[in-house]
Every structure is written in C-alpha cells, then in structure tokens.
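Okay, so here's the structure we're looking at.
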Ligand code: FAD
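Numbering (our numbering), first residue to last: 1 to 300.
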C-alpha cells in the first residue's frame, strides 16, 4: 500500500516534500549497490522517489520494473521518468498502459535529447516533439499525476529564459501538476526563475533538484555535460583535499542550499543520488535535525 497522503496532495497543501532520484543500473554490481541504497533511503521515509529513463528507450523495461518493485515492495510512491524522443505514439501508449496496469500513479514527462553523434537522427514521424505533447496525450488518455522538468539557468535550446518559462506554463496548461528542476548550485538562479515564472502564471510547485557533489572530477564532468555554471563559491567551499573531505564539504554545501531553499518557500527538495545513499542520507538527517521532514509528517 502506498503512502496515504499522496505527495501531490502534500504539495498542494504547502507541506514540503523530500524525494530522491535513481537510475536503472547497467550491470549486476550496480543493481546490488542500488538495492542497498534503496534500503537506506526507505528508512528516510521519502515522499517519493523518481527513476530516470534512457532517452530512446534504452532502459525502458528496467525503469518500468524498478518503479513497480519500489512501489510494491518498499511502499514508496515512485515516479518513472518517460522521454518521448525517438518513440512512436504506439510505443508511448504501450509503456503508459503497462505503468498504469502496474499501479503507478505518477509520471515525469520529458522530451529527452536526440542521440549524440547520430547525424541521421530524425524525430519519430508519429511521435511527440515536446514534453508538452506527451503531457497533453497522457492527460487525455491516462490517469497519472504528471510532472515535468524546468531549468533555473535556462534550457540550452531556449533562446532566453522568458521563452523557457512560456513553455513551462504551456506544460502546466497541458496537465503538468508539478515540476522538478535541473540541478543548480546557486539558489539565486532558482529564486529569479521562480519570480519570473509566478509572473507568467506558473502556479504548479517548482521542486528544487539538488546534487551533493561527491568529487571535483564529478563536478567538472557535470559542468561539461550540462553546461551548468559552477559558481566560485562552490569551488571555494569544496577546496582541495581527499575525496572523503571533498564529499563531506559537498554534503555541507548541498544541505545549506536545501535549508535556504526550504526557508525561502521551495515546495520540496529532490536529491540527485547517482544511486548512492551516503550523501543523500546525511543531508536528510541534517535537515531533519533542523525540523524539516519530521518522520511523523509522512502520513504513512
Ligand atoms: P521540453 O519541455 O520539450 O523543452 C525542451 C526545449 O524546447 C526548451 O528549450 C523549451 O523551452 C522548448 N519547448 C518546450 N515546449 C515547447 C513547445 N511545445 N514548442 C516549442 N518549444 C518548446 N533525460 C533523459 O533522457 N531521461 C531522464 O530520465 C531525464 N530526467 C530528467 C529529469 C529532470 C528533473 C530534468 C530537469 C531533466 C531530465 N532529463 C532526462 C533531461 C531532459 O530530457 C533534457 O533536458 C531535454 O533536453 C529536455 O527535456 P524537457 O522535458 O525539458 O523538454
């Protein structure tokens, strides 16, 4: 039986939510790590966990199996991500039908990215061009609570922030009930985005996606892949030192980010875990010691 109070009800009631993101592992060792991580995360009583989807469907079955198992065996609301890039409408219908039949009630609807290094790539002729198309179709034909993505520092394809916010509002109009952010390291970006979004009548909760940095090499990779700004204050905070020291400072930085966001009205924090429990659990315990996310509030 899943949580009595759905996390969407909690968001609507203005009660902050705590959630974590995982990805289906690529090999047996990765699955062993993930199951051990999930055991620890379950003890933190999250409001939900989300499971990523390989754009184009590379780990399609794994995402479906993993969310079904988390919901059934761990009694945690689980939110599968689904990207529409490369999929036909029939394939999307099949996936949504399977998820609904498995009792999954929430969905993170995304566009995904075209495969890199494939100049011949063409969007599927009978597919969906944007997340908004997927949201509209899902809303009309299925019964999921639908979430979508937003980018406090602007999506790389968007010409300017206002265009991105315009399309975020459109995703809300198509049926999205909540949005989760791309990771960011400077809360000012989130606040600025939120102020603009509110002016554009975006009323859905904008959950803050936070990554505890675990190493300087990870940070460099993230900067390269996502085009994210790496603020000097983060680099200064991480400093030099052993991997363990950097990881501890990454936890402190992310916990301070979360505390500030919650104090300033963020409706929830979503921790990017890379399938590891240690940093996410430490952040959760720090926030809990400050009075956030009391275990009695879970409504289980
Ligand atoms: P869209 O909402 O379609 O936006 C993409 C761009 O098009 C933006 O610039 C937007 O402003 C513009 N736009 C939006 N709607 C329209 C429209 N109707 N007409 C014209 N322009 C429009 N990727 C994965 O492969 N798997 C995952 O599991 C995954 N999970 C993610 C989770 C989160 C929280 C986030 C923030 C991202 C995730 N991504 C994932 C990455 C995401 O797929 C990429 O960032 C992708 O490039 C954009 O997806 P989107 O859903 O935001 O697209």
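A virtual CB, placed ideally from N, CA and C, is assigned to each residue, including glycine.
- The set of residues with CB atoms less than 5 Å from any heavy atom of the ligand FAD reads, in chain order, 52, 53, 55, 81, 83, 110, 111, 112, 113, 130, 131, 132, 149, 155, 157, 158, 164, 167, 180, 182.
- Contact between residue 77 and residue 6 holds, with the beta-carbon distance rounding to 7 Å and staying under 8 Å.
- Residue 15 places its beta carbon 8 Å or farther from that of residue 55.
- For residue 239, the closest C-alpha among the options 158, 273, 295, 213 is that of 213.
- Of all alpha-carbon atoms in 253, 151, 119, 74, the one lying nearest the alpha-carbon of residue 192 is that of 151.
- In the DSSP assignment, residue 148 falls within the beta strand (DSSP E) that extends over 145 to 150.
- In this structure residue 254 is buried. Its beta-carbon is surrounded by 16 or more other beta-carbon atoms within 10 angstroms.
- Counting only runs of 3 or more residues that sit fully inside the stretch 36 to 118, the beta strand (DSSP E) segments are 48 to 51, 78 to 83, 106 to 110, in chain order.
- Counting only residues of its own chain and dropping the five nearest sequence neighbours on each side, residue 128 has a CB closer than 6 Å to the CB of 84, 134.
- About 29 Å separates the Cβ atoms of residue 11 and residue 25, ruling out a contact at the 8 Å cut-off.
- Rounded to the nearest angstrom, the gap between the Cα atoms of residue 132 and residue 108 is 12 Å.
- Residue pairing by DSSP places residue 18 opposite 269 in a beta bridge.
- Boundaries of the beta strand (DSSP E) around residue 210: 206 to 210.
- Pairing residue 58 with residue 180, the inter-Cα distance amounts to about 23 Å.
- Our two residues, residue 200 and residue 29, have alpha carbons roughly 46 Å apart in a direct line.
- Cβ atoms of residue 208 and residue 261 come within 8 Å of each other, at about 5 Å.
- Less than 8 Å separates the beta-carbon of residue 138 from that of residue 96.
- Contact between residue 110 and residue 149 is confirmed by a C-beta separation of about 6 Å, below the 8 Å threshold.
- Exclusion of the five residues before and after residue 257 leaves 187, 210 as the residues of its chain whose Cβ lies within less than 7 Å of its Cβ.
- The stretch 237 to 252 makes no contact with the stretch 263 to 276, as fewer than three CB pairs between them are under 8 Å.
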